[in-house]
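Take a look at the structure set out below.
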Amino acid sequence: MRPVSLLPVTQNAQTTGSDKMKFSAVALILSAAVAVSAAAVKPGELVPFTKTFETISLQEAQEMAADDPGFRVMMAMEANDEAEANNTVNGLAGRGEVEDRGPGCTNPAVRVEWRNMRPEHKKSFVTAIRCLMDKPPTGIAPPARNRYEELVWVHQQQTANIHLAGSFLPWHRYYVHTFSRLLRNECGYSAPFPWWDETRDAGNFAGSGLFTAEYFGSLPQAVNGQGTCITNGAFAGKLLHIGPGSSNVERCLSRGERREATANVNSNFVNTCNSRTAYADMRECQEYGPHAHGHNGIGPVMAEPAASPSDPVFFMHHAFVDRNWKVWQNQAQWRWTTISGCAAPGRNGQPCPPLTLDTVLTTYGIKPDVRVRDILDTEAAFLCYKYDY
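Counting from 2, one number per residue, gives the positions in the sequence shown under the working numbering.
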């Protein structure tokens, strides 16, 4: 049987569940272009949030989970001992260190939460990202002006297939891994790859320590629902050329925290999603929940689905999303080796392509294609990494 691929899907398909109701609206968000010119965007000027990710509320997530046995167990445990429940639900017992995953990964690399990183490692990380931005493109993406933008283009081109479907988590896991390999292989980064525990900064992402003049640049509060061009940090004054949407318009890197959105990226929401037993239910909750609220809360660039990787904090955010998935996987060993759902959203009333272990994940040649089975367990031979908690 020929493996299913996440190369551009041309067949018609059908989305099931609540994804179906959301797809038509989100498809418009993903495909629309915004006429923003560089000449019209100047440092200090306000930049509108023209697109956002579709979201669900914590209450909706809890209602969706109410009939799930895992959710009922979590709620009962929280009533008795909240601290113990969080530790159990989050799977922090380090199962990955004792279970046998087979040969090939005896000493997994550790992804370190940003606050646990050494200052010199933080500095070298953002320097390596800037290195990718300063490297010339290889030619795989005509609109890209540098190597980093080729990676952004890969996400833009596949946006309609890698969101609102079961492929969302595996594809983005491989995408973040690809980014980490570019930093190491092309820009000499040798320190641990960081992740950002956003639940510790819910409602105040600006206070996380990422958004400083020394590292990622500032995260000002949104003003009248708008962000501003970033003028400090490693990426100050950097112009973007991929996006928004399917267009390619030169513009600034803009941010503006919407705290009503970032407040939703909290441990209760993450735990509610991870209490779901079925992969499809957990994925949908995480994608529309903490993932979407995090994007929408950081700024106009991050809130625009197709070209959101144009803001380098995207990779910190998606390492957080990946960590949450791994926490869910660590609750049961079978979750390291099984997957289900659709490989891409459904269209025009036809069955969707199924997501299987042989579904192919592609970065259009930046790194070789892989199958879902290769990246499902981060502590197996191919990826060989884990998180510090």
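Glycine residues also receive a C-beta, built at the ideal position from the N, C-alpha and C atoms.
None of the values given here were measured: they were computed from a predicted structure.
What residues in its chain sit with their C-beta under 8 Å from that of I376, if we drop five residues either side in the sequence? Counting only Cβ-Cβ distances below 8 Å, and skipping sequence neighbours, we find P171, R174, Y175, H178, L362, F383 and L384.
Please determine whether the Cβ atom of A262 lies at a distance below 6 Å from any heavy atom of the ligand FAD. With respect to the ligand FAD, the structure offers nothing, as it holds no ligand at all.
If you draw a straight line from the C-alpha of A80 to the C-alpha of N269, how long is it? Only weak support is given to the placement of A80: the predicted model assigns it a pLDDT of 44, under 50, and the value that follows is read from those uncertain coordinates. Whole-angstrom Cα-Cα distance: 13 Å.
Beta-carbon separation of F54 and H318 under 7 Å? no
Starting from the C-beta of I243, find all residues in its chain whose C-beta is less than 7 Å away, skip the five residues before and the five after it, and write them out in chain order. P144, A145, E150, V153, W154, Q157, N249, A308 and S311
Do A262 and G204 have their CB atoms nearer than 7 Å? no
How close, in whole Å, do the beta carbons of I340 and T364 come, if the pair is a contact with beta carbons under 8 Å? That pair is no contact at about 19 Å.
DSSP three-state label for V1, please. Residue coverage of the chain in this structure runs from 2 to 390, which leaves residue 1 outside it and unanswerable.
Look at the alpha carbon of G298 and the alpha carbon of R259, and state the distance between them as a whole number of angstroms. 5 Å
Could you compute how far the alpha carbon of P354 sits from the alpha carbon of V314? 31 Å
Starting from A110, follow its DSSP beta bridges and name the residues at the other end. Y386
Give the C-beta separation of C286 and T273 to the nearest angstrom, bearing in mind that I take them to be a contact with Cβ-Cβ under 8 Å. 7 Å
Using CA atoms only, rank isn't needed, just tell me which of R116, I130, F206 and V266 is closest to W196. R116
Count the other CB atoms within 10 Å of the CB of V90; is the residue buried (16 or more) or exposed (fewer)? Low per-residue confidence applies at V90: pLDDT is 31, beneath 50, and the placement is therefore not dependable enough to give any value.
Considering only the beta carbon of each residue, do I57 and G246 sit closer than 7 Å? Result no, Cβ atoms of I57 and G246 do not sit closer than 7 Å.
Proximal residues to L59 (C-beta, below 7 Å), its chain only, five neighbours per side dropped: N265, N269, F270 and T273
For A110 and G350, what's the separation of their Cα atoms in angstroms? Within the model, the alpha-carbon separation for A110 versus G350 is close to 44 Å.
Going by the beta-carbon positions, is the gap between D202 and S191 smaller than 7 Å? Not in contact: D202 and S191 (Cβ atoms no closer than 7 Å).
Ignoring anything shorter than 3 residues or poking outside the stretch 209-275, list the beta strand (DSSP E) runs there in chain order. If we require 3 residues or more, the beta strand (DSSP E) runs fully inside the stretch 209-275 come out as 227-230.
Measuring only the C-alpha atoms, how far is D370 from L183? 15 Å
Taking the beta carbon of G140 as the centre, do at least 16 other beta carbons fall within 10 Å, making it buried, or is it exposed? exposed
Take V373 and list the residues in its own chain whose beta-carbon comes closer than 6 Å to its own, dropping the five residues that flank it on each side. P171, I340, L358 and T360
Out of V322, C106, I231 and K52, point me to the one whose CA is closest to T200's CA. If we check each option's Cα against that of T200, V322 comes out closest.
What are the complete alpha helix (DSSP H) segments, minimum 4 residues, inside the stretch 292-332? 293-299, 301-304 and 314-330
Nearest CA to the CA of C343: which residue from F50, R112 and L165? L165
Of the choices S168, G105 and E121, whose alpha-carbon is the least far from that of H345? According to the sequence as given, residue 345 is Ala; it is not His. It is S168.
Bridge partner(s) assigned by DSSP for R372: V361
Consult DSSP for P171 and reduce its assignment to one of helix, strand or coil. Three-state DSSP puts P171 in a helix.
Nearest-angstrom Cα distance between K136 and E61? 44 Å
On a Cα-Cα basis, can you pick out the residue from T379, R348, A381 and C106 that is closest to N162? Of the listed residues, the one whose Cα sits closest to N162 is R348.
For the putative contact between W337 and D378, defined by C-beta atoms under 8 Å, what is the C-beta separation to the nearest angstrom? In this structure W337 is in contact with D378, their Cβ atoms being roughly 4 Å apart against a cut-off of 8 Å.
Compute the distance between the beta-carbons of L220 and R256, then report whether it is under 7 Å. yes
When you compare each of Q334, A223 and K124 to Y216 by their alpha carbons, which one comes out closest? Among Q334, A223 and K124, the Cα nearest to that of Y216 belongs to K124.
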